[in-house]
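Chains A and B, in that order, give the protein sequences. Under the numbering used here, think of the first position of the first sequence as 182, with each following residue one higher. Under the numbering used here, think of the first position of the second sequence as 16, with each following residue one higher. Glycine included, each C-beta is placed from N, C-alpha and C at the ideal position. Accompanying notes for the structure given below.
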Amino acid sequence: MENKGKEVRNPEILEIEDIEIDLLLEAIFRKYGYDFRNYGKAHVKRRITHRLSTSGLQSISMMQQEVLRNEDFFETLLRDLSINVTEMFRDPDFYAAIRKDVVPVLKTYPFIKIWHAGCSTGEEVYSMAILLKEEGLLDRVQVYATDFNQVVLQAAREGIFSIDRIKEYTINYQRAGGKKSFSDYYTAKYNSVIMDKDLKRNVVFADHNLVTDSVFAEVNMIICRNVLIYFDKELQDKVIKLFDDSLTHGGILCLGSKENLRFSSSFPRFKALNEKQKIYQKRYKI
Amino acid sequence: MHPGAVVIGASAGGMDALAEIIPKLPKTFPVPVIIVQHISPLSDNYIATYLDKMSKVNVVEAEEKVKPVKGKAYIAPPNYHLLIERDKSFSLATFERVSFARPSIDVMFETAAEAFGIWLTGVILTGANHDGARGMEYIQALGGKTVVQDPETAEVDTMPKSALERITPTAVVPLKEIAGWLIKNIK
Chain A
182 MENKGKEVRN PEILEIEDIE IDLLLEAIFR KYGYDFRNYG KAHVKRRITH
232 RLSTSGLQSI SMMQQEVLRN EDFFETLLRD LSINVTEMFR DPDFYAAIRK
282 DVVPVLKTYP FIKIWHAGCS TGEEVYSMAI LLKEEGLLDR VQVYATDFNQ
332 VVLQAAREGI FSIDRIKEYT INYQRAGGKK SFSDYYTAKY NSVIMDKDLK
382 RNVVFADHNL VTDSVFAEVN MIICRNVLIY FDKELQDKVI KLFDDSLTHG
432 GILCLGSKEN LRFSSSFPRF KALNEKQKIY QKRYKI
Chain B
16 MHPGAVVIGA SAGGMDALAE IIPKLPKTFP VPVIIVQHIS PLSDNYIATY
66 LDKMSKVNVV EAEEKVKPVK GKAYIAPPNY HLLIERDKSF SLATFERVSF
116 ARPSIDVMFE TAAEAFGIWL TGVILTGANH DGARGMEYIQ ALGGKTVVQD
166 PETAEVDTMP KSALERITPT AVVPLKEIAG WLIKNIK
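In structure tokens:
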């Protein structure tokens with residue numbers, strides 16, 4: 182008892198770990214092409230040390246050796262480094278704001294291209310498809326749902342989710358201004374729900390890495406929520422420029438509720454449609 | 016300029032405990048205060064508004080990329096983890112709950128310990144779980160100060176008690192004296 186909490190950690194070790202992490206990220210980039218070098222370090226370190234503690238490896242340097250020589254280990258670490266926590270109608274107020282502030286704009290377009298960047302397992306893609314269907318827009322959209330992680334992308338493509346969270350999602354759906362019954366959009370089977378196939382009729386799920394890939398289409402709306410928070414300022418700015426280049430004039434940019442354009446050099450090129458929900462519109466005249 | 020910070024973790028009963036501490040801090044308090052209070056993921060951040068009205072320091076929600084400054088107290092937003100980068104700026108993250116909590120006190124404390132080292136003071140308050148205990152241990156391991164609310168004065172004593180199971184803190188302080196302790200010991 183006398184010694185509890187008396188373990189002392191030499192701050193010098195932190196410096197060593199910083200170097201090791203930089204080298205590990207460099208190794209990942211050069212060997213596999215995934216670039217985490219401009220991700221926020223606090224989060225990256227947390228994921229790496231978590232994997233270290235369960236791997237039996239002694240140090241981050243040893244992990245680097247393992248990553249370079251063992252592709253399976255790399256795949257595991259890649260999953261650790263990508264965030265796949267998401268839900269249907271996450272932040273219901275955001276979807277309510279889309280109905281109120283964005284749908285009237287979209288209704289003026291004959292055809293609408295939407296890009297979900299960093300779509301993860303697809304919950305938010307299906308949520309948006311439900312909303313668009315209820316607003317009578319689903320027939321005239323083309324949705325590109327992208328992520329750099331093939332595993333989550335496959336899950337998104339399948340559209341099968343655990344039944345455990347359906348109660349929570351139903352509440353979210355209602356709070357988001359849903360017009361029907363949430364159960365109209367899925368079929369329950371054993372412990373899963375299968376989303377209505379009609380919802381993904383106009384959705385293309387594709388591999389795209391925001392950090393290393395470039396513009397692939399001109400779109401009317403981009404939804405990228407809770408992805409930029411993982412990037413440092415420089416990378417945020419680069420990705421927002423990519424969004425700017427991908428959007429038509431008058432195009433809509435939707436960020437996570439705690440993300441904003443304020444620090445970006447593209448800021449003057451946008452105006453807020455709904456500041457609280459972080460919904461922006463690219464100006465017609467710049 | 017003092018290079019440190021005070022980090023505070025609270026759960027059940029935390030609103031009242033924070034309302035006892037934060038309003039007593041002078042505007043000239045030499046370091047920023049960073050708070051994780053467990054809260055419903057769907058709540059608006061009324062704690063910041065509520066505490067700000069009664070305090071001399073400016074109480075705001077922690078925003079990503081912002082570097083905390085003295086004269087202000089920052090509250091982690093609901094449903095996001097708050098992390099402190101080594102350059103002392105805030106990061107937010109949505110990864111899975113830690114000890115059933117998002118924001119997690121451990122996550123904020125552990126990253127703050129690495130950012131502020133010996134200049135950090137960690138304070139653990141009332142709560143019905145074990146979040147924060149590991150964070151307090153890490154703060155101590157990196158040479159920071161640790162203050163545990165006297166469990167006798169806590170609305171729910173589980174959280175201060177679990178911190179006391181892991182560490183012998185710098186001080187165990189009754190709720191009403193915590194603000195005074197901080198003012199006296201952080202200069």
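Among the residues of its own chain, which have a CB less than 6 Å from the CB of residue i, if the five just before and after it don't count?
| i | result |
| --- | --- |
| residue 329 of chain A | 390 |
| residue 130 of chain B | 99, 101 and 103 |
| residue 291 of chain A | none |
| residue 105 of chain B | 77, 79 and 81 |
| residue 407 of chain A | 437 |
| residue 23 of chain B | 50 and 138 |
| residue 336 of chain A | 302 |
| residue 17 of chain B | 45 and 46 |
| residue 427 of chain A | 396 and 400 |
To the nearest whole angstrom, what separates the beta carbons of residue i and residue j, a pair I think is in contact under 8 Å?
| i | j | result |
| --- | --- | --- |
| residue 225 of chain A | residue 202 of chain A | 7 Å |
| residue 205 of chain B | residue 75 of chain B | Lying outside 16 to 202, the shown extent of chain B, residue 205 of chain B is not represented and no answer is given. |
| residue 319 of chain A | residue 383 of chain A | 7 Å |
| residue 73 of chain B | residue 67 of chain B | 7 Å |
| residue 259 of chain A | residue 229 of chain A | With 8 Å as the limit, residue 259 of chain A and residue 229 of chain A do not qualify as a contact, their Cβ atoms being about 12 Å apart. |
| residue 185 of chain B | residue 27 of chain B | Wrong, their Cβ atoms sit about 24 Å apart, outside the cutoff. |
| residue 418 of chain A | residue 445 of chain A | 5 Å |
| residue 143 of chain B | residue 173 of chain B | 5 Å |
| residue 467 of chain A | residue 443 of chain A | That pair is no contact at about 18 Å. |
| residue 189 of chain B | residue 168 of chain B | 5 Å |
Taking 8 Å as the cut-off, decide whether the C-beta atoms of residue i and residue j are in contact.
| i | j | result |
| --- | --- | --- |
| residue 187 of chain B | residue 163 of chain B | yes |
| residue 416 of chain A | residue 310 of chain A | no |
| residue 156 of chain B | residue 196 of chain A | no |
| residue 95 of chain B | residue 49 of chain B | no |
| residue 376 of chain A | residue 307 of chain A | yes |
| residue 454 of chain A | residue 248 of chain A | no |
| residue 128 of chain B | residue 148 of chain B | no |
| residue 151 of chain A | residue 110 of chain B | With chain A covering 182 to 467 only, the question about residue 151 of chain A has no answer from this structure. |
| residue 213 of chain A | residue 255 of chain A | yes |
| residue 392 of chain A | residue 261 of chain A | no |
| residue 158 of chain B | residue 137 of chain B | no |
| residue 153 of chain B | residue 125 of chain B | yes |
| residue 424 of chain A | residue 434 of chain A | yes |
| residue 57 of chain B | residue 194 of chain B | no |
| residue 387 of chain A | residue 327 of chain A | yes |
| residue 12 of chain B | residue 92 of chain B | A query on residue 12 of chain B cannot be resolved here, the shown segment of chain B reaching from 16 to 202 and no further. |
Leaving out five residues on either side along the sequence, give the residues of the same chain with a beta carbon under 8 Å from the beta carbon of residue i.
| i | result |
| --- | --- |
| residue 183 of chain A | Annotation note: pLDDT 46 at residue 183 of chain A (below 50); position unreliable, no value reported. |
| residue 429 of chain A | 399, 400, 401 and 463 |
| residue 410 of chain A | 221, 437, 439 and 440 |
| residue 452 of chain A | 461, 462 and 464 |
| residue 84 of chain B | 47 |
| residue 323 of chain A | 292, 293, 294, 295, 383 and 385 |
| residue 132 of chain B | 157, 158 and 159 |
Leaving out five residues before and five after residue i in sequence, what residues of the same chain have Cβ atoms less than 7 Å from its Cβ?
| i | result |
| --- | --- |
| residue 233 of chain A | 241 and 244 |
| residue 273 of chain A | 353, 356 and 357 |
| residue 441 of chain A | 459 |
| residue 312 of chain A | 276, 279 and 280 |
| residue 350 of chain A | 268, 269, 270 and 363 |
| residue 347 of chain A | 374 |
| residue 120 of chain B | 24, 51, 146, 147 and 150 |
| residue 264 of chain A | 411 |
| residue 34 of chain B | 66 and 69 |
Legend entry - Interface residues of the segment 223-248 of chain A facing chain B [CB-CB below 9 Å]: 223, 224, 226, 227 and 228
Inset, instruction - Closer than 7 Å, Cβ to Cβ, to anything on chain A: give me those residues from the segment 99-121 of chain B, in chain order. - result: 99, 100, 101, 106, 107, 108, 109, 110 and 111
Legend entry - Selection of the segment 315-339 of chain A by Cβ proximity to chain B, strictly under 8 Å: none
Inset, instruction - Mind checking the segment 254-267 of chain A against chain B and listing, in chain order, the residues whose C-beta falls within less than 7 Å of any C-beta there? - result: 264 and 266
Inset, instruction - Indicate whether the contact test is met: 3 or more Cβ pairs, each with one atom in the segment 353-361 of chain A and one in the segment 297-307 of chain A, closer than 8 Å. - result: Short answer: they don't touch.
Legend entry - Residues of the segment 81-92 of chain B with Cβ closer than 7 Å to any Cβ of chain A, in chain order: 92
Inset, instruction - Taking a Cβ distance cut-off of 9 Å, strictly less, list which residues of the segment 407-421 of chain A are near chain B, in chain order. - result: Answer in chain order: 407, 409, 410, 411, 413, 414 and 417.
Legend entry - Within 9 Å of chain A by C-beta, residues of the segment 133-167 of chain B in sequence order: Result list: 133, 151, 152, 153, 155, 156, 157, 158 and 161.
Inset, instruction - Using a Cβ-Cβ cut-off of less than 7 Å, list which residues of the segment 269-288 of chain A approach chain B; keep chain order. - result: none
Legend entry - Residues from the segment 444-457 of chain A in contact with chain B, defined by Cβ distance under 7 Å: Listed in sequence order: 444.
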